[in-house]
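Written out below as C-alpha cells is the structure these notes cover.
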Amino acid sequence: MHLLSRFISLDSRQINDPAQTAFFAIKGIHHDGHQFIEQLYKRGVREFVVEEDSWNSNLIKKAEKWQGVSIYVVENSIQALQQIAKNHRDRFHIPIVGITGSNGKTTIKEWLGQILAVNYSVIKNPKSFNSQIGVPLSVWNIKPEHNIGIFEAGISKPGEMAHLEEILHPEWGILSNIGEAHGQNFKSEKEKLQEKLLLFTNSKKLIFRDKNGLKNQIKDFFKDKNPELELISWNTEDPQNGIYVHRKLEKNLCHLRFKKATQTEVFLELSIPFIDEASIENCCHCAILAHYLGLNQQQIQQQFRLIKSISMRLELKEGLRNNQLIDDSYNNDLDGFKLALPLLQNTHKKKKVIIFSDLLESGLKDEILYATIAQQLSNTTIDQIIGVGEKLYKFQKLFKSIKVFQTTQELISNGILNQLHDSAILIKGARKYSFEKLSNLLEKKTHCTQLEINLNALQHNLRYYKESIGQETKLMGMVKAFAYGTGSVEIAGILQNQGIDYLTVAYTDEGVELRKNGIYTPIMVMNPQVNDFDVLTEYGLEPEIYNFGLLRAIDEYSTSTGKNIKVHIKIDTGMKRLGFDEDQFEDLCYELQQMPQIWVVSILSHLVGSESEKHRDFTEKQINLFQKAGNLIAQAIGYQPLMHIANSAAIQNYPNARFDMVRLGISLYGISYKEEEKKILEPVLKLKTYISQIKNIKEEETIGYGRRGKLEGAGRIATLALGYADGYSRKLGMGIGHFEINGILCPTVGSICMDMCMVDITHLPKVKEGDEAIAFGGKVQIYDLAKQAETIPYELMTGISDRVKRVYVRE
Ligand SMILES: *Cc1c(COP(=O)(O)O)cnc(C)c1O
Numbered sequence: 001m002h003l004l005s006r007f008i009s010l011d012s013r014q015i016n017d018p019a020q021t022a023f024f025a026i027k028g029i030h031h032d033g034h035q036f037i038e039q040l041y042k043r044g045v046r047e048f049v050v051e052e053d054s055w056n057s058n059l060i061k062k063a064e065k066w067q068g069v070s071i072y073v074v075e076n077s078i079q080a081l082q083q084i085a086k087n088h089r090d091r092f093h094i095p096i097v098g099i100t101g102s103n104g105k106t107t108i109k110e111w112l113g114q115i116l117a118v119n120y121s122v123i124k125n126p127k128s129f130n131s132q133i134g135v136p137l138s139v140w141n142i143k144p145e146h147n148i149g150i151f152e153a154g155i156s157k158p159g160e161m162a163h164l165e166e167i168l169h170p171e172w173g174i175l176s177n178i179g180e181a182h183g184q185n186f187k188s189e190k191e192k193l194q195e196k197l198l199l200f201t202n203s204k205k206l207i208f209r210d211k212n213g214l215k216n217q218i219k220d221f222f223k224d225k226n227p228e229l230e231l232i233s234w235n236t237e238d239p240q241n242g243i244y245v246h247r248k249l250e251k252n253l254c255h256l257r258f259k260k261a262t263q264t265e266v267f268l269e270l271s272i273p274f275i276d277e278a279s280i281e282n283c284c285h286c287a288i289l290a291h292y293l294g295l296n297q298q299q300i301q302q303q304f305r306l307i308k309s310i311s312m313r314l315e316l317k318e319g320l321r322n323n324q325l326i327d328d329s330y331n332n333d334l335d336g337f338k339l340a341l342p343l344l345q346n347t348h349k350k351k352k353v354i355i356f357s358d359l360l361e362s363g364l365k366d367e368i369l370y371a372t373i374a375q376q377l378s379n380t381t382i383d384q385i386i387g388v389g390e391k392l393y394k395f396q397k398l399f400k401s402i403k404v405f406q407t408t409q410e411l412i413s414n415g416i417l418n419q420l421h422d423s424a425i426l427i428k429g430a431r432k433y434s435f436e437k438l439s440n441l442l443e444k445k446t447h448c449t450q451l452e453i454n455l456n457a458l459q460h461n462l463r464y465y466k467e468s469i470g471q472e473t474k475l476m477g478m479v480k481a482f483a484y485g486t487g488s489v490e491i492a493g494i495l496q497n498q499g500i501d502y503l504t505v506a507y508t509d510e511g512v513e514l515r516k517n518g519i520y521t522p523i524m525v526m527n528p529q530v531n532d533f534d535v536l537t538e539y540g541l542e543p544e545i546y547n548f549g550l551l552r553a554i555d556e557y558s559t560s561t562g563k564n565i566k567v568h569i570k571i572d573t574g575m576k577r578l579g580f581d582e583d584q585f586e587d588l589c590y591e592l593q594q595m596p597q598i599w600v601v602s603i604l605s606h607l608v609g610s611e612s613e614k615h616r617d618f619t620e621k622q623i624n625l626f627q628k629a630g631n632l633i634a635q636a637i638g639y640q641p642l643m644h645i646a647n648s649a650a651i652q653n654y655p656n657a658r659f660d661m662v663r664l665g666i667s668l669y670g671i672s673y674k675e676e677e678k679k680i681l682e683p684v685l686k687l688k689t690y691i692s693q694i695k696n697i698k699e700e701e702t703i704g705y706g707r708r709g710k711l712e713g714a715g716r717i718a719t720l721a722l723g724y725a726d727g728y729s730r731k732l733g734m735g736i737g738h739f740e741i742n743g744i745l746c747p748t749v750g751s752i753c754m755d756m757c758m759v760d761i762t763h764l765p766k767v768k769e770g771d772e773a774i775a776f777g778g779k780v781q782i783y784d785l786a787k788q789a790e791t792i793p794y795e796l797m798t799g800i801s802d803r804v805k806r807v808y809v810r811e
C-alpha cells in the first residue's frame with residue numbers, strides 16, 4: 001500500500017483537508033469508523049483503509065459507484081497504520097530519540113524539543129500521542145526538513161513495545177522516572193520495566209537515572225539483547241559512578257553541576273527554574289542528552305531559560321504568619337506524593353505540615369494505597385497531617401495521627417488553618433478538591449501590580465462559543481498582539497489544549513514565538529512580509545496573501561525552492577484595509593489557476609460593523625460579496641477552501657456569516673456588545689494594584705502635578721502603584737476613573753502620573769497601606785473604563801504595558 005494523501009486521520013471529525021487525507025477506519029468498542037466512510041467520500045476523502053470484517057456487502061455495493069477512490073482492505077487497520085509509519089520512518093536517516101518510563105515522558109519530550117531547536121529542526125509527537133496509534137501518526141509527520149526526531153512511547157500491556165520499537169528504531173534512548181504502580185496488566189514492576197526497555201533493543205546510547213540498582217538490572221537485561229548499548233547513567237549520590245549531578249536549591253532556582261566519574265572537571269553547569277524533584281530529574285535527562293548532541297553550556301542554559309511551564313507546577317510561596325507554602329496541586333498520584341515529601345523535609349522551618357486530598361490512583365486497591373501513604377508518612381518527621389476527602393475519612397485509622405475533613409469547605413470553616421504559624425506547609429490536592437482556596441487563604445498577598453487572567457472564565461467563554469457554532473464550524477483563535485495583551489504563549493497553549501482548529505497572529509515574529517514555545521496548531525499570519533517566506537516555511541506558518549505582489553512573490557519562492565505552500569487569500573469586501581478588491585477577482589482566479597503548488601487553505605474577509613445593527617445592510621452586502629469571491633476562486637482552482645469572515649460580534653449577530661470557520665477575538669475575554677451575551681460571558685481580566693502610601697490632606701492642600709488635585713475639604717488619599725506608563729490612561733485622572741478598594745469605588749484625584757496615581761479614600765477610614773485596588777475587572781467593568789478613557793476595550797487591553805505582571809489563575 002502506498003498512500004498518496006499527505007495526511008492520515010482516524011477521526012472523521014478531525015479532517016481539515018479531505019482531498020489530501022487518507023482515512024483509516026477502526027472498529028472500537030464504542031465507535032466504528034466504517035460508519036463514516038460514505039459521508040467522508042461525499043466530503044472529498046479519496047483514500048480509505050478498511051478492515052475486512054467490517055467491509056460488508058452493503059458498503060461494497062455503495063463503493064462500486066464511487067470514482068477516483070482507493071480502498072485498501074486489510075486485516076487490521078492499526079497494524080496497517082503501523083506498517084506504513086515504519087516504512088515512512090525508514091525513508092529518513094535521522095537520529096531518533098525514544099523516551100519511555102512511567103512519569104515525565106511528555107515533559108521531557110517537550111523540553112527537549114525546545115532545547116534542541118537551537119541547532120536542529122525537530123519533529124516530535126503532538127501532545128502525548130504515545131500509543132499504538134499515536135506513535136505511528138506522529139511518525140507520519142516526519143518530513144525532509146527534519147533532522148532529529150523526539151518521540152515518546154507509552155504502553156499499557158505486554159507485547160506493545162515491540163511494535164513501537166519497530167516503528168521508531170531509536171538511536172538514542174531516555175528512560176524517564178519509573179513509577180511503582182505496575183498497573184493491572186503487568187505481573188510485577190520488573191515485568192513492566194523489561195517491557196519498557198524493549199524500546200532500546202536496537203539503540204546505541206541510553207540515558208537514565210541510576211537509583212536502587214537500576215543500572216545493574218539494565219545491564220543484565222541487555223547483556224545478550226543489545227551488548228553494544230552504551231549506558232549513560234547519572235545519579236545524585238555517588239561521584240564515582242557514571243555522571244554525578246550536584247544540586248543546590250536557592251529560592252525558585254536549582255543550580256546543577258554535572259561531572260563524569262572519569263574526569264576531574266565539571267562539564268556542564270546550569271541554573272534551572274524548577275525546584276521540585278520531578279522537574280529537576282526531567283531537566284537532568286534533557287541537559288545530558290543536549291550535551292551529548294553537541295550543544296554547549298551557554299546554549300543549553302539559554303534554552304532552559306525559555307522553558308516556561310504553563311501548567312501549575314509546584315511553587316514555593318511565602319505564607320501569612322511566617323509560614324512557607326509548597327503548593328503542589330498538580331501531581332496527585334502516589335509517585336508525585338513521594339517526590340514532594342523530601343522537599344517538605346528539607347525546608348528550614350522547624351514545624352512541618354502536610355495537607356492532602358484523596359489520591360487519584362489507578363491500579364491499587366484503596367486500602368493498600370492509603371496504607372502505603374500512611375507508611376511513607378510515618379517514616380518522616382512531619383508534625384501535623386491534615387486530610388480531605390471521603391476515602392481518607394474512611395481509612396483514617398491507618399494513620400498514626402491525622403485530622404480528616406470530608407470536604408475542603410469543612411476544613412476551611414473549621415478554622416484550624418488560621419492557627420498554623422512558622423511552619424512549612426505542603427499542599428497537595430486533586431483538582432476537584434480546589435485546594436487553590438487553601439493556598440489563597442494561607443498565602444501572603446504579594447504587592448505587585450498585576451493583570452490577572454482567569455483561566456476558568458476563559459474556558460467558560462470558549463465553551464460557550466464552541467457550543468454556539470456546533471461541531472461543523474471550525475474555530476480560529478485570534479492571538480495577535482500578545483493575545484490582546486494577555487500573553488500569547490499561555491493563551492495559545494490553552495486554546496491548543498482545548499482543541500482549537502487554528503490560531504492567528506498579525507506578524508511573522510509572533511508566530512515564531514509560538515512555535516518556539518511548543519504551539520503546533522496551524523497558525524495564520526495576517527501581515528507577512530515578502531522576505532519572511534523562509535522563516536514562514538521553516539516554522540510552518542501560513543501567510544495571508546492580500547495583494548498580487550505577495551501572491552507572485554510566494555509563487556516564485558515556491559517554484560524556486562520546490563516547496564508546496566499553504567496560503568490564505570484575503571478578500572476586501574468593504575474594510576478598505578488589506579485584501580483583493582472586487583475588480584481584481586478575475587485576475588486573482590486566473591493567476592491562482594497557474595499556481596498548482598500554492599494550496600489555498602482558506603479564503604477570508606473581515607466585517608467592519610458586525611457589532612452594530614445600524615450597519616446590517618452593509619454587513620449583508622459584505623457577506624454576499626465574500627460568498628461570490630469564494631465561489632469564483634473555488635471554481636477556478638477546483639477545490640473548496642475553508643471560508644471565514646465572522647469575528648466575535650458576527651458569530652451571534654450573523655449566523656449566516658459563520659461559513660466553515662469563525663474567528664474569535666475579544667469575546668474570548670468576556671467582552672461583548674450584546675446584552676444577553678454579556679450575561680452569559682464571564683470577565684477574564686482583572687487589573688489590580690495596591691496602596692503604596694496613605695496621606696491625610698488639609699483643606700488648603702493640593703495633590704499631584706500642576707496642583708490640579710483638590711479634595712472637597714480635608715480628607716485622606718491613597719497613592720497607587722499604577723500610572724499611564726502601565727496603560728492606565730491619563731484621561732482617567734481628575735475623578736474620571738475609579739478604583740475599587742475594599743468593595744467601594746474611589747475616584748482618582750489630580751492627574752495620573754507616569755507610574756502612580758492618587759485616589760480619594762476619605763470615605764474609607766479602615767483602608768491601610770498595602771491594601772488592594774482594582775482598576776477594572778470587579779465593580780469597574782472594562783467597558784466603563786474604556787468609555788471613560790475615551791477608547792474601546794481592545795485598546796485598553798492591548799495597552800497594558802509589559803511591566804505589569806501577567807498572572808494566570810484557576811479557581
Ligand atoms: C482582530 C481580528 C479579528 C477578531 O476580532 P474580534 O472583534 O476581536 O473578535 C477577526 N478577524 C480579523 C481579520 C482581525 O484582524
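Each step along the sequence shown adds one to the number in the UniProt record's numbering, with nothing skipped, and position 661 is 661.
The beta-carbon is built from N, C-alpha and C at its ideal position, and this holds for glycine as well.
Non-local beta-carbon contacts of A22 in its own chain, meaning distances under 6 Å to residues more than five positions away in sequence, involve L3, S5, I8 and E47 in chain order.
For K248, the closest C-alpha among the options I272, A261 and N241 is that of I272. Look at A63 here: in three-state DSSP terms it is helix.
The continuous stretches of beta strand (DSSP E) do not include L722, and DSSP gives it neither H nor E. Within the chosen limit of 7 Å, ligand 1 does not reach the beta carbon of S271 with any heavy atom. Around the beta carbon of T100, 16 or more other beta carbons lie within 10 angstroms, which makes this residue buried.
L664 has its CB nearer than 7 Å to a heavy atom of ligand 1. With a threshold of 7 Å, the Cβ atom of S488 does not count as near ligand 1, since no heavy atom of the ligand is closer than that. In this structure, the straight-line span from the alpha carbon of L442 to that of L417 is close to 8 Å. If you compare the alpha carbons of L369, E677, S203 and N497 with that of N226, the shortest gap goes to S203.
For I736, no alpha helix (DSSP H) segment is defined, and its DSSP state is neither H nor E.
Sixteen is the threshold: when 16 or more other Cβ atoms of the shown chains lie within 10 Å of the Cβ of R209, as they do, the residue is buried. Each residue's CA atom was taken as its position, placing K349 and Q471 some 53 Å apart. For Q184, there is no enclosing alpha helix (DSSP H), since its DSSP letter is neither H nor E. Taking a contact to require three or more Cβ pairs closer than 8 Å, the segment 367-386 and the segment 394-403 qualify as touching. In chain order, A629 and L632 place their CB closer than 6 Å to the CB of F585, counting only its own chain and leaving out the 5 sequence neighbours on each side.
Considered as a whole, the segment 555-632 harbours 585-593 as its complete alpha helix (DSSP H) runs of no fewer than 4 residues, in chain order. Assigned with DSSP and collapsed to three states, V135 falls in helix.
K686 sits buried, since 16 or more C-beta atoms from the chains shown fall within 10 Å of its C-beta. Placement of the Cβ of A483 at a distance of 7 Å or more from every heavy atom of ligand 1 is found.
Pairing L116 with V139 gives a Cβ-Cβ distance that is not under 8 Å. Its Cα nearest to that of V608, the residue Q622 stands out among V601, Q622, S77 and I571.
In the displayed model, K259 falls within a strand according to three-state DSSP. With 16 or more neighbouring CB atoms inside 10 Å of its own CB, R89 falls in the buried class. Judged by DSSP in its simplified three-state form, Y520 adopts coil rather than helix or strand.
Going by beta carbons, V49 and S77 fall inside the 8 Å limit. In this structure the segment 724-743 lies against the segment 783-794, because at least three pairs of beta carbons, one per stretch, are closer than 8 Å. The segment 511-524 makes contact with the segment 488-496, as at least three CB pairs between them are under 8 Å. Annotation for H615 indicates a beta carbon at 7 Å or more from all heavy atoms of ligand 1.
A residue is called buried once 16 or more other Cβ atoms fall within 10 Å of its Cβ, and K196 is buried on that count.
Proximity of the segment 712-730 to the segment 500-507 falls short of the contact definition, fewer than three beta-carbon pairs being nearer than 8 Å. Boundaries of the beta strand (DSSP E) harbouring E269: V266 to I272, taken from the DSSP string.
Using a Cβ distance threshold of 8 Å, I744 and A773 do not count as a contacting pair. Positions of the beta strand (DSSP E) runs, each at least 3 residues long and wholly inside the segment 434-458, are given as 450-454 in order along the chain. Close CB contacts of K352 within its chain, under the 6 Å cut and outside five residues either way in sequence, are with L344, I382, D383 and A424 (chain order). Every alpha helix (DSSP H) of 4 residues or more that sits fully in the segment 346-429 is shown, in chain order, as 366-378, 390-394 and 408-414.
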